[in-house]
Amino acid sequence: MKILAIRLENLASLAGLHEIDFTASPLADQGLFAITGPTGAGKSTLLDALCLALYGSTPRLRQAPRRDSQIADVNDDTLTTADARTLLRRGCASGFAEVDFVGRDGRRYRARWSARRARNKVDGSLQKTEQSLTDLDANQLLTAQTREFEKLLPERLGLKFDQFTRAVLLAQSEFAAFLKADDNERSELLERLTDTQHYSEISKAAYQRVREAKATLEAIETRLADALPVDADTRTTYEQQAQAEEQALAELQAELSRHQAQGIELERDAQLLQAWQQAEAGWRQAEHEWQQNQTERRQLAQLDELAPWRERARRRQALERNLTANRQTLAEQRRLSEDGDREREALEPRLAAARQAHEQARQDEREAQPLLDEARRLAADLEYQRQQLTQQQQEHRQLADTAQIDDQRHEDLTQARQPLEARLDEQRAVLARLLETTDERGEHADEHSGAARSADRNAHELRSSLNHQRDLAQRELQTLQSLQHDWREGERLHREQTATRQQFDAERHRLKTLETEGKKAAERLKAAESEDATIRDQIEAARAARSESVEQLRQYLREDEPCPVCGGTDHPFRHAPPAHPGVAMIEAIERQERQRLEGQRQQVERAQQTYHQYSADYRACRQGMQERERQLETLSRQLDQARAAIDTHDDAPALRRSESADGWFETRRERLNRQWQEASDRLAALDDAERLLQPLEADWQRLSLELGKLEERRTLNRQRLQALEASLPSRQQQVEDIGSRLAARLGSHESVPAWQAALERQCRQAEATLEEHQARWQTLAQTHAQLSQKLVDLEQRQQDAQAEFDELDGGWQAWRRERPALDDETVEALLAVSEADHRRRREALTRLERDLAAATVKQEERRQALHDQRRRLLPASDEKDLLDEANSRELAGQLARQRETLQALERQRDERQESRDAAQHRLREDNRRRQAQREGAQAREAAQHELNRWRLIGDLIGSADGKQFRRIAQAYNLDHLLTHANQHLRALTPRYRLTRGGSELGILVIDGDMADERRSVHSLSGGETFLVSLALALGLASMASHQLAIESLFIDEGFGSLDPASLALAMDALDGLQAQGRRVGVISHVQEMHERIPLQIRVEPSGNGASRVTIRHR
9 MKILAIRLEN LASLAGLHEI DFTASPLADQ GLFAITGPTG AGKSTLLDAL CLALYGSTPR
69 LRQAPRRDSQ IADVNDDTLT TADARTLLRR GCASGFAEVD FVGRDGRRYR ARWSARRARN
129 KVDGSLQKTE QSLTDLDANQ LLTAQTREFE KLLPERLGLK FDQFTRAVLL AQSEFAAFLK
189 ADDNERSELL ERLTDTQHYS EISKAAYQRV REAKATLEAI ETRLADALPV DADTRTTYEQ
249 QAQAEEQALA ELQAELSRHQ AQGIELERDA QLLQAWQQAE AGWRQAEHEW QQNQTERRQL
309 AQLDELAPWR ERARRRQALE RNLTANRQTL AEQRRLSEDG DREREALEPR LAAARQAHEQ
369 ARQDEREAQP LLDEARRLAA DLEYQRQQLT QQQQEHRQLA DTAQIDDQRH EDLTQARQPL
429 EARLDEQRAV LARLLETTDE RGEHADEHSG AARSADRNAH ELRSSLNHQR DLAQRELQTL
489 QSLQHDWREG ERLHREQTAT RQQFDAERHR LKTLETEGKK AAERLKAAES EDATIRDQIE
549 AARAARSESV EQLRQYLRED EPCPVCGGTD HPFRHAPPAH PGVAMIEAIE RQERQRLEGQ
609 RQQVERAQQT YHQYSADYRA CRQGMQERER QLETLSRQLD QARAAIDTHD DAPALRRSES
669 ADGWFETRRE RLNRQWQEAS DRLAALDDAE RLLQPLEADW QRLSLELGKL EERRTLNRQR
729 LQALEASLPS RQQQVEDIGS RLAARLGSHE SVPAWQAALE RQCRQAEATL EEHQARWQTL
789 AQTHAQLSQK LVDLEQRQQD AQAEFDELDG GWQAWRRERP ALDDETVEAL LAVSEADHRR
849 RREALTRLER DLAAATVKQE ERRQALHDQR RRLLPASDEK DLLDEANSRE LAGQLARQRE
909 TLQALERQRD ERQESRDAAQ HRLREDNRRR QAQREGAQAR EAAQHELNRW RLIGDLIGSA
969 DGKQFRRIAQ AYNLDHLLTH ANQHLRALTP RYRLTRGGSE LGILVIDGDM ADERRSVHSL
1029 SGGETFLVSL ALALGLASMA SHQLAIESLF IDEGFGSLDP ASLALAMDAL DGLQAQGRRV
1089 GVISHVQEMH ERIPLQIRVE PSGNGASRVT IRHR
């Protein structure tokens, strides 16, 4: 995985667009760079942009509270402090972060995160963020959906968010604290660094499960103790009471049912009596309404008789009215037709006159057209001549004004040039004196300025001479620096060669010691193996003879005296020997022999281990000596090369003759710097003189040039004025001649358009008059035709209506003669009644008749039902007296008495039922408690089993703060981390290794230069601590990235506490990372690091809370 470029816009303090391209020079040429800038400038924002583009969040945002902490936004909106949109710069409508990277498959991708406000306005509400992933090699958008992006990005990049923050953004500063922490703090730090908090959660959960299981068991036992059932005697009493109450309630319920049946019959009699009385009242009401509608029934009969003639009578009346109206309409239409005929006759002479006037106007317009064309040509020519005259007059005035202005400007420029010429002569004299002084100084220069002394006083040649002199001094300074570097490199190689030779001598001495000790260890091993073989032979012989003497030896055993074989004072087989007497004795002796063999085996193993350790140390020492020999050869070769490089310098003999190389370098550097400074001072003086002279010469040249141009323009203007003054009179005469000819052609008209308009107006008026008369003629003709057709139609309809009326009137008069009782007033009243009103009256009378019949039937049915009920209740009464008032009163009294009896019985039943329910409730409650005891016993057994199971787990890994299992898990993680860290530490410095020791999570440092001495991490210097911390951080990155190659690393701080020597060691470690092919970015405030790292990405404040990003390379 490799980061290729970072782009961002309007994030936090970085306003505007910024791009850091690691594929372009100078970043592509250097593997180590520093991100520098003052506190708060926005250095960490670059890393935030990297995380935002890839994952839509940052480590700092992940640690912020997500719900309780709110911050205000525009329009009363709020955001949580964990919202990534809070990084959008205030006052900006949009922003983005974009990263180009090489994925795990070797392809190039681009991940982008963006945020914007509504309508791209700074006062708009924040919208949802957008994320996209693009395959740059295929130029294909893979996704623009956030959910799909979150799935695809880790697959292409090879790292999840937590892995990325540990593998790419190194936690080196946290490991510095990790080294100094105790076991508990170290387990917490390691848990957070490796993102394995779930082990603590599991430990806490196991502890909590034990507490919950114990609480569950205690709750069950408490519940069982609070719900104990009654004893057997009380139970029997409860059952007898419930049975007695149930029997008493059944007897009372039977008596209540009998009285309820009697009450139902009496209630039914009362209801039937009430229903009969209501039905009889309804019948009387219906009879009364029927008698009141007798007149309505008579009128309805007349309407039914008139119904067949109703529509024909109305049609007859309508026809009679229409005939009268049609006669009036015919008379009016005939009058209108006669008026139209008279108007057409009067219009014909006016129409003929209009046609003649229109033709004459058209003829006049055609005859005037040639004259109009000639007038237009004269008018156009006149307008052109007038414009030319006006232009010439205007140009004459402008040229006259310009000539006056130019004369004044010429005079001003002449006066301004006079003092400028004086100042220019004065400054040239100053420059001449300066050149003379410079030449005098040059006479005392060294041999390298010979070319400058031979030059003339020309300023350009003098400048070239001084530049050549300064360049010579600069080149000699660079040569001096190269010589100093080669000299120091030779001294360093010499010191390293001496130290390596000393190490070689020490290892050779140690090799001899190891040879001697190894031979002794081999002899001890051989002696131990020989003794082991002897002991084994003795034991085998003893076992062969043992079986025969066991019986005899058992006979001599005594109480509380030791056994001669095993030494024990307890003799279990003395009085009760086993089935095979030799077995027990053999077992006791064999136990002793096994112990002896085990002791001898351990002695042999120790001897073997010692021998193997010496052998391994011997081989390691031999390898170390071979490595030192190779190092000595390499150092000798490099030292020879360094000395040869020194010999190539001209100043090498003088340097070797000097007593102090540093003093010689310093003296030589001061002299060359002095020469370079003198040449620079003289160049500066020459630049100052020329800088003062150049503007004066430029002003003089500008004024001279302007005077020349002004003189040329004055000459041209005078010539043009003379030409215009000669041509103006002839142009004026042409205008007057053309004007006279045009006036003769126009006559009384003001202009050619006015003449043309008068002709067109005359034609339009004649044409309008003709069209008006023609339209009126057409209208009169159409009206006459319409009136004629309408008269024919009216006369035909009048004849048809008259025939229909005669037919209807004959039938109507015959019907009236058959009914003399119906006078005209009655007939008119009957005809005035609508059919709807007729139907309504018929329906109302039908409804009254139906209601009367229904009421009669209902009254009779209810009377018969009451009669039948009384026959059952009063079987001794006479049939005709069943419905009289006396029987009704008697039955009402019986009903009242029955209701009182029922109320008393129901109260007794309720009381008895409550007693029965209480007895049954006691039984049910006792049954529930007995069932609860049975179920509780099972639950208690299950809870106890669950508690035992969780207690085993809790005793092993459970704790309230989670440290029990955390320490077990983090011990494994620590082993894994130290394995990876040692791989990186070997590449950074082969001297040190890390191992566990001192405590469960303790860390010790193995110093290879101190015979693998184990040192405490607290004894490390600042530089050594940095190396170990960096190795741990790289080890954590390897754990997070697994087999993925990480080529881009970022280290944030961790250098502020280093002294110069430790800082140099840290820089060597960073150079080692760079040499491994990785690109390393360091964020630091340490000025010494800024000076040691030539390539820097600077974040500099530019005011108003904004910063800019620049790349600098020294």
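First residue of the sequence shown: 9, per the numbering used here; consecutive thereafter.
Each residue gets a CB set at the ideal place from its N, CA and C atoms; glycine is no exception.
Here the structure is a predicted model, which means the values were calculated and not measured.
Straight-line gap, residue i to residue j (C-alpha atoms, nearest Å)
i: Glu-525; j: Gly-1006; result: 30 Å
i: Leu-729; j: Leu-428; result: 34 Å
i: Trp-298; j: Leu-281; result: 26 Å
i: Leu-54; j: His-1026; result: 34 Å
i: Leu-198; j: Pro-661; result: 60 Å
i: Leu-141; j: Thr-154; result: 10 Å
i: Glu-340; j: Gln-807; result: 18 Å
i: Ile-228; j: His-267; result: 54 Å
i: Asp-983; j: Ala-1039; result: 14 Å
i: Arg-957; j: Ala-947; result: 15 Å
i: Ala-584; j: Glu-613; result: Confidence at Ala-584 is low in this model, with a pLDDT of 48, below 50, so the placement of that residue should be treated as unreliable; the coordinate-derived value is given next. Each residue's Cα considered, the two are about 42 Å apart.
i: Asp-918; j: Gln-270; result: 20 Å
Beta-carbon proximity check, residue i vs residue j, cutoff 8 Å
i: Arg-937; j: Pro-73; result: no
i: Leu-778; j: Arg-363; result: yes
i: Arg-924; j: Leu-257; result: yes
i: Arg-769; j: Gln-393; result: no
i: Gly-45; j: Arg-1106; result: yes
i: Thr-859; j: Ala-283; result: Strictly speaking, residue 859 in this sequence is Asp, with Thr absent from that position. Taking 8 Å as the Cβ cut-off, Asp-859 and Ala-283 do not qualify as a contacting pair.
i: Arg-436; j: Leu-701; result: yes
i: Gly-64; j: Thr-151; result: no
i: Leu-95; j: Ala-49; result: no
i: Leu-647; j: His-502; result: yes
i: Leu-432; j: Glu-705; result: yes
Nearest residue (CA-CA) to residue i, options the options
i: Ala-863; options: Tyr-1000, Gln-285, Arg-1087, Ala-240; result: Gln-285
i: Gln-877; options: Leu-860, Leu-899, Ala-927, Asp-859; result: Leu-899
i: Thr-242; options: Ala-1045, Gly-1080, Ala-294, Glu-933; result: Glu-933
i: Arg-636; options: Val-612, Ala-731, Thr-506, Glu-199; result: Thr-506
i: Ala-57; options: Ile-14, Leu-69, Arg-68, Asp-81; result: Ile-14
i: Ile-1091; options: Gln-139, Leu-178, Glu-196; result: Leu-178
i: Leu-62; options: Ala-776, Asp-1017, Pro-162, His-875; result: Pro-162
i: Arg-690; options: His-846, Leu-474, Arg-849; result: Leu-474
Residue i Cβ short of 7 Å to the ligand PLP heavy atom set
i: Ser-1110; result: For the ligand PLP, the structure offers nothing, since it holds no ligand at all.
Cβ-based neighbour list, residue i, same chain, cut-off 6 Å, excluding 5 preceding and 5 following
i: Ile-965; result: Ser-211, Ala-214, Gln-972, Phe-973
i: Ser-666; result: Trp-672
i: Leu-1071; result: Glu-1096
i: Ala-951; result: Thr-224, Leu-225, Ile-228
Spatial neighbours of residue i in its chain, beta-carbon cut-off 7 Å, leaving aside the 5 residues before and after
i: Glu-351; result: Leu-788
i: His-452; result: Low local confidence applies: a pLDDT of 37 at His-452 is under 50, so the model's placement there is unreliable, with the coordinate-based value given in what follows. None.
Environment of residue i [buried if 16+ CB atoms lie within 10 Å]
i: Thr-1118; result: exposed
i: Glu-515; result: buried
i: Val-1013; result: buried
i: Tyr-980; result: exposed
i: Ala-481; result: buried
i: Leu-22; result: buried
i: Thr-31; result: exposed
i: Asn-18; result: buried
Close-in-space but distant-in-sequence residues of the same chain around residue i (CB under 8 Å, 5 per side omitted)
i: Asn-128; result: Ala-101, Ser-102
i: Ile-401; result: The question names Ile, but residue 401 in the sequence shown is Gln. Around Gln-401: Leu-736.
i: Gly-747; result: Leu-390
i: Lys-222; result: Leu-955
i: Asp-414; result: Leu-718, Arg-721, Arg-722, Asn-725
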